[in-house]
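Colleague: In terms of the numbering used here, the sequence shown opens at residue 252 and continues consecutively. Starting off with a structure, shown below.
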Amino acid sequence: MTDHGHSQQEITARINAPPGRGVLRDVVYGGIDGSVTTFAIVAGVAGAGLSPFIIVALGLANVLADGFSMAAGNYSGTKAELDNIRRIRVIEERHISLYPDGERREVREILAQKGLSGDVLDEATDAITANHDNWINLMVEGEYGLGSVDPHPFKAAMATFIAFLVAGTVPLLPFLLSVDQAFTVSACMTMGVFFAIGAFKAHWSLSPWWRSGLETFLIGGAAALIAYLVGSLFHP
Numbered sequence: 252m253t254d255h256g257h258s259q260q261e262i263t264a265r266i267n268a269p270p271g272r273g274v275l276r277d278v279v280y281g282g283i284d285g286s287v288t289t290f291a292i293v294a295g296v297a298g299a300g301l302s303p304f305i306i307v308a309l310g311l312a313n314v315l316a317d318g319f320s321m322a323a324g325n326y327s328g329t330k331a332e333l334d335n336i337r338r339i340r341v342i343e344e345r346h347i348s349l350y351p352d353g354e355r356r357e358v359r360e361i362l363a364q365k366g367l368s369g370d371v372l373d374e375a376t377d378a379i380t381a382n383h384d385n386w387i388n389l390m391v392e393g394e395y396g397l398g399s400v401d402p403h404p405f406k407a408a409m410a411t412f413i414a415f416l417v418a419g420t421v422p423l424l425p426f427l428l429s430v431d432q433a434f435t436v437s438a439c440m441t442m443g444v445f446f447a448i449g450a451f452k453a454h455w456s457l458s459p460w461w462r463s464g465l466e467t468f469l470i471g472g473a474a475a476l477i478a479y480l481v482g483s484l485f486h487p
């Protein structure tokens, strides 16, 4: 848990530039999916008894194609989220223009649910509705439950793609380097990546790092085991 300063200057700077959700979700999502899907291919092909060349070819194709697909999907989804926020802001602007009294009552209700009452509630309602942008921001957050910081589609897509690319390459390294017992080494390295991603994620949660790492380790290991068992069904 990271502490931050509470001087007036530090508070003003922090509140005026909120970080939003950041790219943590995108990095964890891309990293886990990259390692899981690539190792699933490695495990499935190895279970079928096919050559290392086929494992590398299919693995690289997955890293590049599936990584780009995930990044594109995340970009589209985040952009849709951003478009929805913009649409709601336009709706609220129209409502404020057509039904100002009703919108003022909505502001009052939102503030009342935050604990304000009496003269303080009246003054806060007047202050917020006196500023058009503040009025809309409060409505977007209080009525629709949406954050005031807009998401960044391109940043989210790049974070997903890079994490997928890095984590997804790990299961292929033993085959690219032609090491002995490549599948066993690949399995150990991939399990290590699963645990590392979970432990990394714990930095932003209240869970112990080992518990978060073990959780991701078990999820990834289950996916790899399923792929290996399915591939083994086609072993000649």
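Every residue gets a Cβ at the ideal spot worked out from N, C-alpha and C, and that includes glycine.
#1: Given residue 283, which residues of its chain have a CB within under 8 Å of its CB, disregarding the five upstream and five downstream residues?
#2: How would you label residue 335, buried or exposed, when you count the other beta carbons within 10 angstroms and need 16 or more for buried?
#3: Pick from 348, 333, 380 and 351: whose alpha carbon is nearest that of residue 362?
#4: Any idea if residue 308 is buried or exposed, counting beta-carbon neighbours within 10 angstroms, 16 or more meaning buried?
#5: Please classify residue 381: does DSSP put it in a helix, a strand, or coil?
#6: What's the gap between the Cα of residue 484 and the Cα of residue 478?
#7: Would you give the residue range spanned by the alpha helix (DSSP H) that residue 404 belongs to?
#8: Could you tell me the alpha carbon to alpha carbon distance between residue 347 and residue 388, rounded to whole angstroms?
#9: Please determine if the stretch 406-416 and the stretch 277-292 are in contact, where contact requires at least 3 C-beta pairs separated by less than 8 Å.
#10: Would the C-beta of residue 343 count as close to the ligand MN, meaning under 6 Å from any of its heavy atoms?
#11: Could you check whether the stretch 316-336 touches the stretch 390-405, counting it as contact only if at least three pairs of C-beta atoms, one from each stretch, sit closer than 8 Å?
#12: By DSSP, does residue 330 sit in helix, in strand, or in coil?
#13: Using a threshold of 7 Å, state whether the C-beta atoms of residue 325 and residue 408 are closer than that.
#14: What separation, rounded to the nearest whole angstrom, lies between the Cα atoms of residue 429 and residue 436?
Modeller: Walking through what the data contain:
#1: 418, 445, 448, 467, 470 and 471
#2: exposed
#3: 380
#4: exposed
#5: coil
#6: 10 Å
#7: 404-420
#8: 12 Å
#9: yes
#10: Among the components of this structure there are no ligands whatsoever, and the ligand MN is therefore not found.
#11: yes
#12: helix
#13: yes
#14: 11 Å
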